[in-house]
Structures are given as structure tokens and as C-alpha cells.
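Enquirer:
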Amino acid sequence: MSFSERPTVQPWRKANLKRRFEILLAVAIPLPLTMLFALLSNFDVNLALIAVFLPLQLIAAGLVGVRAYGKRGIGDAALVVITIFFSTFVLVLLLSVLFSVIVEGGRAISWQFFSQNNVYVSPTTSLEYGGVGHAILGTLMVVGLTTLAAVPLGIAMAVYLTQSQSKTRNLVRTFTQALSGLPSVVSGLFILTIIEATQMGRSGFTGALALFPLMLPTVARVAEEALRLVPVDLRYAALALGAPNYRAFFQVILPAAKSGLMTALLLGLARVVGETAPLILTMNPSSATSLNPFDGGMTTLPIYIYNYLASSYQTSQARAWGAALVLLMLVGFLFGLARILSKSKTTKKKASK
Amino acid sequence: MSQTPVNPPAQERRKLVIKPLSKGDKWFFRSTSIAAHFAFVLVALILGFLLWKSWPVIQGQGFDFVFGSTWDADSDPMVLQLGPMLWGSLLIAIVGIIIATPMALSMAYLIVFMLPNRLARIATTLVDLLAALPSVVLGLWGLLVFTPVASHWAEVLNSYLGWIPIFGVADAENGFMRSPFIAGWIVAVMIVPIITSVTREIFSQLDRDLINGALALGGSRLSTFRRVIMPTSSGGVIGGVLLGLGRAIGETVAIFYVLNLSFDINWGALLEPQGGAVASWILARFGEANGAEKDGLMAAGLVLFVVTLIINYIANVIVNRAQPWRKN
Amino acid sequence: MNSLSTASTLSAEDISVWFGERQVLEKVNLTFPANQVTALIGPSGCGKSTFIRTLNRMHELIPGAGLAGAVYLDGEDIYNESTDAVTVRIKVGMVFQKPNPFPTMTIKDNILSGLRLSGRKIENAEELVETSLRRASIWNEVKDRLNDQAISLSGGQQQRLCIARSLAMDPKVLLMDEPCSALDPGSTRRIEETIQELSETMTIVIVTHNMQQAQRVSDQTAFFLADDNTPGGVVEFGSTEQVFNGPIDQRTNDYVNGHFG
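Chains as they are written, first to last, in the working numbering: chain A, 59 to 411; chain B, 291 to 618; chain C, 78 to 338.
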């Protein structure tokens, strides 16, 4: 999306010095006033934010608005204040999650937490023993297995949606979108019916199966957008040189869309790496390290968190926080990688213009 | 064949052989086509398998499976009725949407119309980051960090607005925890990014001349928002809200931690520590359920899937219609 | 390259074109004799670009495209049901309006891309690259940077690279769809010179909006026109000399003298 052509609708842009001072006052006064009031009157702080601060801020902004623009300044001031208020709320929630995971998780994390498994750990074992090494390995294997199937298939779907002229494309797209709304627990139930019907044992593999329907539509959707970004001129150029469609795709379109397809892979990974419910239904948790995803128990980070959270012991909760931090680091890593890739894609596009 | 009005003896149109003739291309299109149609197969398989497993329960319980409000696997005959959980899912989703929509709209407005480019990009990244939070992490945070805070909010709400039925509680000593109110907040955190990203995209595609024109004519921000921005983008925003609804109804783990699942149906007392959620109920009962009850949980999954399919379909139709630039 | 194949004669018979139910071309009959340069001129939207795309079966890539009539390449109908579009496009090359070198490839790989894309063996790669670049008169500018990315070139160089890329396939006919419309006068002049040289070994069809260019490079000219809401067609076709200096049709006269369009 382009940020460059936004209209400049900031009424204070051309404000003179006096007006700037008024704005400064309107921003600076209400919050300390509210805090002071809450402190002195023993009034509930949460309530004071809504019942005292917000009206005060609205009045302050409204006054500035009226002085600058007359009557219509009131509505504008209200819109600006409310927009910023709600947006700040979103930010506070996000930061609260990140902050608690980093602080609480940071306490549990150490080298041994990354490397050891949980075999001899009871709910009261001190944090110096045991770790999530087995869960990290399990996560990588289960998610890796899903990726092996979902990425090629998702990209193939995207290829069909962008390269063929078939009439069923819209129907395929509709079903892919429908699939992207699949509740994760239903995906777990689905694989569970298959497990029971075929009598196969629960393992990392069955967990990977349960993640597959969740990852596929994400990969397909992002890959479709990536392929759509490749200029159709390139495809025409290749076809005009006498290329069959498949060679045009593999030699011209695929290399041009490479970073976008990597993004599809990473966002697909980020989508399933934190999934819990489907894995609880389809895998046997294990506290030992397992390297065989096709047989026996296996644990992933989300399952680890889920199991330890159920316990009310302090150390168990600390372990859950620690695992959450590791999981978040994993998600953040994938996410950052996707960002960097998509950024390099846009710069490349600019260079070619 | 089409008639050409200019030249009466119409020319026969030729059949264009657009089917590729080379072996490689046949293989290429056939395999991608099979992959693409796997989307149908997968949806059909999921519906088919769940229906197959849950058919005895659906047949045995009839319509009461959806509308009744007793879940007793030990009685004879077994009574499995999902009513309170279904209603609870809906109630929580509605609370979540009521909380999330103003936040998401504000965020989108802020990003597209107010922040300078650099900050707008950072804000977009933060919203995307929010979308990437695993629900089990949100559940953890919700249980250990957010519940104490929110239960305090609930207490304040109750003490001032308790006379309104939805904020009333039977017994204030219960502590205001594990209520649909708190679950609604958790769900709201999850769907804010969904609504924000749809709305942001629609806002950023609005005709800038139109907005600049409205402002140049002496319109205020507010009137521009009310008269220009909202009317042209409301369809897409509703679509985004429905996408969020679909996500909220299917949410499992996070709600599981912060809600007290109960079959005493809670029609709308948001602060009461009892509520329902189909997906969480499946997770909660799954470990202990025997064969027949398990089939009941399969049926619950089927109902959940059908409901989200319908909601998502409607949402996508609306969103796609509101974003014509995405069509090829 | 010692054994350049000879040019081909291309002819369009009663070509009509539809997009969906809308007809955009009506019974176009044109013959492009071997080694001749034919210019297609006419106002925007008269269907000349659409027409040129029917000559190497690029037209059918647009969804909803329809066609009547036939195109003969050395007497053989290219729309024959058993003819693969791929074989047609190998013989009839195309240069597009906007330069479109493959951005992920080097200059050298762009030249060789045609052979690779059509799955043919490459012998004497170095020699082929040099000959092709020389024929597109860009060799001197790029000979020291053959392994640079193609998008590092200027717009005019990119377009000549695209011409060289087509030439590496040794086509019998070269179609050019307004090849100079995005270029500066200097680049335009060099491409015009290239066209003159190329006509010794191949048949060339060029769409252009530029009257002077048509006069400079072409042997024969076809004037396309579409009246309001009717399909486009050829109004006048003859030697360039005749179309520009003694047009028979009044509308041609008006157009080439800049009275409308």
C-alpha cells in the first residue's frame, strides 16, 4: 500500500506559535490533572481514565478546535482525541502481552532451558533443571512436515489461480477462502476421525496432518498475491519467445516472485507454529526428546505451554512463560524475516522502473 | 455464434485451440489444476468425515442438539445438547466485536489519514505483530495478567452500572473472573488486527481527490469521515467485522483458560463467571469423553464448521465486493 | 551466425477479432511479403495492436478472445488445430511497446533465454550473444558488462536488448508493437536503423503512431481506422510512398496530414 499520496489533513500543520502553545497545553494538562485527582480522591485509576481524563481531554481539544476553526473545530477535535485514545488502547494491550512474556519468560530462560528436555521434571522441580529442548525440536519437526506438503501444494494452487484461464478459478478461490476460516479445533477433529478410522498411532506426523488444512490456505493466498505482483509483460515476453507455459513459469515468473513466495512460506509457518488445539487432539505429549515424528509421543511448544499452564504451581507457570517467550521469539524471527524479504522485493521493483 | 451488425453474412468464429499441445504444459496445467481442486476435496473430506462420525448423535438428539441445554453423557439415554455453548460462542464473539470495532477503526483511520509515513509503517507492523500472537500465548497472558485487571474493570462496571441487566451479577462475591466479558476482551485482541487490516486497505484505496475536495470545500474531518469515508467504505468494514466474527467463534485455547464453561445458559449477564464456547468445550471434554460422547463432540465440531463456513462466505463476498481492485 | 534462415511471407485473410461479444476488428486482409517492412498506422483504439498480436497467436492469451479468418505463414495456417502456438511464436518473434527484459537475468542470459525457454540446445553461446547484440546494434555498449543485470540498462538499451533477445531465436518474421513509444529520440533513431538492417534477413511488421517513423522505415503501410462503435478495419493499404503522398481515401489523407487522430 502506498503511504505517499495521503492527503495532508492535519489542521495544526499551519498553526502559528500561539496556536502551537495552545495545543501543547491541551495535550499536557489533562493527564497529570487526572492523575492528581485520582491520587487525592482515592478514585479508581481505571475509572478516572474514562470518566475524568477522556472528558477533560475532549474539552481541552475542543477549546483549541473552536479557537482555531470555530464550531466545526469541536467535531474534529473529538474525532482526533477518540481515534488516538482507542489506538493507544490497542498499543497498550499489545505491549502488555509482549512485556509480560519477555519479563516473566526471561526469568525462566537459561541455556539449559533451551537444551534440556523434561523427563525428570515434576511440577515442583526448580527451574535450574529441565527445559523445552524437546518441544523446540518437536515444533520444528511437526511444522516442518506440514510445510513439506502445504507449501508446494499452496504454491501450485496459486499458480493455477494466476496462470490458467480456467473458469473454475473463482470457485477455487472461494473454497480457499472458506478453508482459511476453518476453526483450528475442527481441523484437529477431522484428523482425529481419520486416526480412528485407520487405526494409526498418534505421532508428530498426525499432528502435522492436523496443521496442514490450516497452513494451506494461508500459503495459497499469499503466494497468489506474490505471483500477481509479477508483471504480466514478463509472462508475455516469455511466451512470445516460444516458451511453453511451464518453462515460462519456472524460468521467468518463479525467479521474479521468489521473495514473495518466501514470504508466503514464512507467513504460513507463523500461522501454524503457535497452533495448540489441533495438536492436543492428535498428538501424545511426551516429556522426552523424540527424533522420530512417525512414531510415539512428541511435544511442541504450544502443547508444552498448555500443559504447564494447567498447573497452579509457581514453577510450572514460570516454565509456561519461558516456553511462551521461546515461541514468541520463533514467531518474531519468522515474521521479521518475512518483513525483510518483502522489503527487498519492493526496492527491487522500484529499481526496475 | 455472434452476429455482426455491420456485415450481414456473419463470419464464423474459429475455435481457438488455447489448450496447450506440448506434453510439458499438459502436465503443468493438469498438476496445478489437481492441486487447486484439492481445496474442494479438503472441504468435502472434512464435512464428510465429521458428518459420518456425528451422524448417530445428530440422529439421536435431533434439533435439541443445537437448541437444548443439557450435556449429560452418563445418563441413559445419553443427552447431548449444545445450546449454551453455541449461544456462549456467539455472545463472546459479539462482545469481542463491540470492543474491537472502535479500536480497529481508530487504528485504521490513524494509520491511513493521520500518521506520517514512517509512523504509519510502524503502526502497521505492530498490528501485524498482534495478528501473529499465538492464541495459547494470549491465553497465558489472559489468565495470569489480564484477568486480574479486567475483573477489576468488571467490578467497577458492576458497581456503577449494575442496575443494567447485562452488567448485573447474582453474587458479587464470585470475583468477576472467568466471565464472557473477559473472554470477549481476549477475543477482541485477536480480531482487532483482522478488522484493522481490511479497513486500512479500504481506507487507503479511497479516492483521495474526493477527500481532499471535501476538506477543501470547508468540510471538517468529522463531516468528511461521516459523509465521505464511512458511506463508501462501510460495506468493506462490515465484511472485515464478519471475518473477525468467524475467527472469534472458532477460537479455542485462549477462551478455554479465561472462561468458566457452564451449561446453565447465560443469556447476557456479561460479568457472571459462567459462559460457553463450542470450540473450548470440545477441548475441555475431549480428554474424558468416551466413544459416544466423542461423537457428540464431533457433531459440535461439525456445527462449528458449518457456522464459520457460512459467516466466512458472507464476509468474503462482502470484502471482495468492497475491494474491486483485487479482482484480476 | 553463418546460416541465417530466409525470411517468410505472412498473410492475414479476413481476420476478425472479438473480445467477448464485442467485435474490435472486421475482416482485415493484409499480405506481408518476405524482407519487406510494413507499418501499421492509425489512431488509438483502432485495433492495430490487437491485429499484430493475432499474427503470432499472442491474441489468444487474453481471456474471452475470439477470432475468425486465417493467418498464413509461408502458406500454412498458423491457427490450424494441430499447430502448437509455441512453434508459431518461435518463427514469428515479437517486441513489445514497453521494454520487458527479464529482470532476474543478466544481459547474456536474456539473450539466451529464448533458446532456453523453448527448450533448445545452445551451441556457441558466446558467438550467438555477440551476433544478436551486434544485429540489434547494442554490442558496443554492453560488451564489457554481459554479466550485469539487464535492468541496469537504460530504457532505450533495454528495448534494443529485447530486440536482440528476439533475434537470437532467428525468427522469420519480427513483429514490433510501437517499439519506440517509450523511448527518447536518440534511442528511437538507433532502433530505426536496426530495423532497416534487419529487413535484409526477415520480414518486419511494425505498429507506430509516428508518421515520420513509418515513412522512414517502411516499404508498405496499412492505415487502420475504427468509426465510433464499429469494429476497426483497414482503410487503405499500399506502398508507403503511395499511402503518404497520394492516398486514395479521404480519411487516410486527413490522417497522414494530421487533420485528425
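Built from N, CA and C at the ideal position, the CB exists for glycine as well.
(1) May I ask you to report which of helix, strand or coil DSSP gives K104(C)?
(2) Would you call the region 161–172 of chain C and the region 238–247 of chain C touching, i.e. three or more CB-CB distances under 8 Å?
(3) For W345(B), does the three-state DSSP call read helix, strand or coil?
(4) Output yes if chain B places a C-beta closer than 9 Å to the C-beta of N322(C); else output no.
(5) Leaving out five residues before and five after G143(C) in sequence, what residues of the same chain have Cβ atoms less than 6 Å from its Cβ?
(6) Give the range of the alpha helix (DSSP H) segment to which A478(B) is assigned.
(7) How about W169(A): is its C-beta nearer than 9 Å to some C-beta of chain B?
(8) Which chain B residues are close to M215(A), counting only those with a beta carbon under 8 Å from its beta carbon?
(9) Short check: CB of A363(B) to CB of A582(B), under 9 Å?
(10) At the level of alpha carbons, what is the spacing between V369(B) and P563(B)?
(11) Is there a C-beta anywhere in chain A that falls below 9 Å from the one on S469(B)?
(12) Which same chain residues end up closer than 8 Å to G120(A) when comparing Cβ atoms and leaving out the 5 residues on each side of it in sequence?
(13) Against chain C, with Cβ distances strictly below 9 Å, would K316(B) count as a contact?
(14) In terms of residues, what are the limits of the alpha helix (DSSP H) holding F172(A)?
(15) Where does A315(A) sit, in a helix, a strand or coil, going by DSSP?
(16) Please name the residue in T514(B), L419(B) and L400(B) whose C-alpha comes closest to that of A410(B).
(17) Is T264(A) helix, strand or coil by DSSP?
(18) Among L327(A), I361(A) and V331(A), which residue has its Cα nearest to the Cα of M341(A)?
(19) Is the Cβ of L219(A) closer than 9 Å to any Cβ of chain C?
(20) Kindly say whether S312(B), judged by its beta-carbon, lies nearer than 9 Å to any beta-carbon of chain C.
(21) Report the three-state DSSP secondary structure of Q257(A) (helix, strand or coil).
(22) Is it buried or exposed, F357(B), if we count other Cβ atoms within 10 angstroms and call 16 or more buried?
(23) Taking 9 Å as the CB-CB limit, is K408(A) close to chain B?
(24) Name the DSSP bridge partner or partners of A116(C)?
(25) Considering only the beta carbon of each residue, do V250(C) and I281(C) sit closer than 9 Å?
(26) What are the partner residues of M171(C), as DSSP defines its beta bridges?
(27) Can you pull the chain C neighbours of G163(A), defined as C-beta to C-beta under 7 Å?
(28) What does the alpha-carbon distance come out to for the pair T489(B) and I412(B)?
(29) Listed in chain order, which residues of the region 299–323 of chain A have Cβ atoms closer than 7 Å to some Cβ of chain C?
(30) Please name the residue, chosen from R78(A), I81(A) and G163(A), that lies closest to L386(A) on a Cα-to-Cα basis.
(31) I'd like to know whether the C-beta atoms of S195(C) and A301(A) end up nearer to each other than 9 Å.
(32) Please list the terminal residues of the continuous beta strand (DSSP E) segment that includes L87(C).
(33) Is F330(B) near V230(A), with beta carbons less than 9 Å apart?
(34) Find out if the Cβ-Cβ distance for the pair L592(B), S344(B) is shorter than 9 Å.
(35) Excluding the 5 residues flanking A394(B) on each side, which residues of the same chain have their C-beta closer than 7 Å to its C-beta?
(36) Would you mind telling me which residues of chain A sit closer than 8 Å to F595(B), beta carbon to beta carbon, in chain order?
Expert: Reading off the structure:
(1) strand
(2) yes
(3) helix
(4) no
(5) W95
(6) P470 to S494
(7) no
(8) T322, A325, A326, F328 and A329
(9) yes
(10) 24 Å
(11) no
(12) G131, I132, A135 and A136
(13) no
(14) W169 to S173
(15) coil
(16) L400(B)
(17) helix
(18) I361(A)
(19) no
(20) yes
(21) coil
(22) exposed
(23) Legend: pLDDT at K408(A) = 38, less than 50; position of this residue unreliable, no value from coordinates given.
(24) I283(C) and T298(C)
(25) yes
(26) L252(C)
(27) By Cβ distance, chain C contributes nothing, its closest Cβ being about 42 Å from G163(A), past 7 Å.
(28) 17 Å
(29) L299, G300, A301, P302, R305, A306, Q309, V310, P313 and A314
(30) G163(A)
(31) yes
(32) L87 to F96
(33) yes
(34) yes
(35) V482, I485, T486 and T489
(36) L240, P241 and V244
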